[in-house]
């Protein structure tokens, strides 16, 4: 009886470990000749993207190399996302060209334009219509904010809403 249970357990563990190896290998992707591991983390090269703003203008992350970039993943239905938007707008006003702030919206099927107008947001709001950028950055919870340094590396990552003071600390340290 015990021997049969042990055999089943070992068989199950072998299948599980094989599945995990394949999942890890499939998590790697090739982007412009550079291997990028899915689940962009601190100290990794930020996955490149090109997205459109709500006005239809294209924004390429690679065009911002040489500048600090704060990227915030958010949705219109997310209460913590909505709560931090006024602070993000204040930070954008204070940044005065020191850095770029990009809001990447993950629910473009909703009235993003109405939300932006109602909240008088002037920093670029990009629409991730396919979910590809959200996937490339392995965003599991929103809001999630990343700080990309001048070399294009992810310097910091914060999950959850932030106050203006927390944002200032996030981009300055």
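Numbering (full-length UniProt numbering), first residue to last: 1 to 173.
The C-beta atom is built at its ideal place from N, Cα and C for all residues, glycine as well.
| Check | Outcome |
| --- | --- |
| Beta-carbon proximity of residue 111 to residue 75, cut-off 8 Å | no |
| Under 8 Å between C-beta atoms of residue 127 and residue 71 | no |
| Residue nearest to residue 125 in terms of C-alpha spacing, selected from 142, 81, 69, 101 | 101 |
| Beta bridge counterpart(s) of residue 145 as assigned by DSSP | 72, 158 |
| Environment of residue 163 [buried if 16+ CB atoms lie within 10 Å] | exposed |
| Whole beta strand (DSSP E) elements within the region 77-116, 3-residue minimum | 99-105 |
| 6 Å Cβ shell around residue 78 - same chain, five flanking residues per side excluded | 142 |
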